Amino acid sequence: MDIQGGNRFFFNFKDKRGFLSEEESHHLVNVLRKKEGEKILLINGKGKEYEGKILQIIKSGKKVKAKVEINKIIREENPPSKEIIAFIPLLKGNKTEFLVEKGIELGITTFIPFYSDYSIVKPKSNLFRRLHLKAVSALKQSGRLIFPKIYEPICLKEFLQNFPFKNSLNLLALPKGKISLLDLKENILKYKQIIFISGPEGGFSADEIELLSKQGFLSINLSPFILRAETASLTLMCLVTVLLFHLDKF
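First residue of the sequence shown? That's 216 in the working numbering, and the numbers climb one at a time after it.
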């Protein structure tokens, strides 16, 4: 049975054999109708893709658990040469999850969800879990093998006052940004870390812009038009990752 290009299943057990999560077991058994003995693709977000096998399917009422084993490594992914860090605003509906999903498809390595002075949405207790589940789904779909780092939602002002990143290229999307991303194409290769941020629905406060400026963020202009918060964030991710890709340094 050829499993190349098939569905991937995420696991987090340490031994050769173990159970998939409730969500992964449901997808394996109830959605894809996989059976005991079938071969599958397994990933754990640590840079390797494995050929695996379904050992046992246990059903209890509406719940299902699938036990699988790892057979062999079939593909590996090297760590990225650059860390691409996206500050993503907390937005209404499922838009923050959408940004994580698309960011993973584009190659973002770190996500920092944030709320700020003019944020309409504040963090909820289940947000981190929702982002993690969306990230697992996007990782499997995109073919990436290294799981991105996802922060718990942070208060932007507090984070900027103890900014942990040094010697990075920091980009801030503003409607009247002073530079174009193309102006940076010669310098972008010098940095191992590229950090970027765009605002929530209400934009940034003057205090936040001042703090960002003090941390070395360069203001860039994404469009001559007014962009929605999710459009600006996605555009910024696309521009940075596509530029790096075409400079052959991705």
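All residues carry an ideal CB built from backbone N, CA and C; glycine is no exception.
Small disclaimer: the values here were computed from a predicted structure and weren't measured.
With 16 as the cutoff for other CB atoms within 10 Å, does residue i come out buried or exposed?
| i | result |
| --- | --- |
| residue 318 | buried |
| residue 310 | buried |
| residue 316 | buried |
| residue 461 | exposed |
| residue 334 | buried |
| residue 385 | buried |
Quick one: Cα of residue i to Cα of residue j, how far?
| i | j | result |
| --- | --- | --- |
| residue 291 | residue 264 | 6 Å |
| residue 251 | residue 285 | 14 Å |
| residue 267 | residue 237 | 18 Å |
| residue 332 | residue 458 | 31 Å |
| residue 390 | residue 439 | 8 Å |
| residue 448 | residue 419 | 13 Å |
| residue 216 | residue 247 | For residue 216, the pLDDT reaches just 47, beneath the cut-off of 50, and the residue's location in the model is therefore unreliable, although a value from the coordinates is still provided. Looking at the two C-alpha atoms, the distance is approximately 16 Å. |
| residue 230 | residue 357 | 25 Å |
| residue 360 | residue 403 | 25 Å |
| residue 373 | residue 241 | 40 Å |
| residue 340 | residue 401 | 42 Å |
Could one say the Cβ of residue i lies closer than 9 Å to chain C's Cβ atoms, at least one of them?
| i | result |
| --- | --- |
| residue 295 | In the structure shown, chain C does not exist; there is a single protein chain. |
Beta carbon of residue i, beta carbon of residue j: below 9 Å?
| i | j | result |
| --- | --- | --- |
| residue 228 | residue 239 | no |
| residue 300 | residue 409 | yes |
| residue 277 | residue 325 | no |
| residue 294 | residue 262 | yes |
| residue 283 | residue 245 | no |
| residue 451 | residue 388 | yes |
| residue 323 | residue 446 | no |
| residue 234 | residue 255 | no |
Tell me, which residues are paired with residue i by DSSP?
| i | result |
| --- | --- |
| residue 425 | For residue 425, which the question treats as bridged, DSSP gives no partner whatsoever. |
| residue 255 | 267 |
| residue 433 | 386 |
Length-filtered (3 minimum) beta strand (DSSP E) runs lying within the region 271-335
278-291, 298-304, 325-330
Only counting runs of 4 or more residues, tell me where the alpha helix (DSSP H) segments fall wholly within the region 357-418, in order along the chain.
371-376
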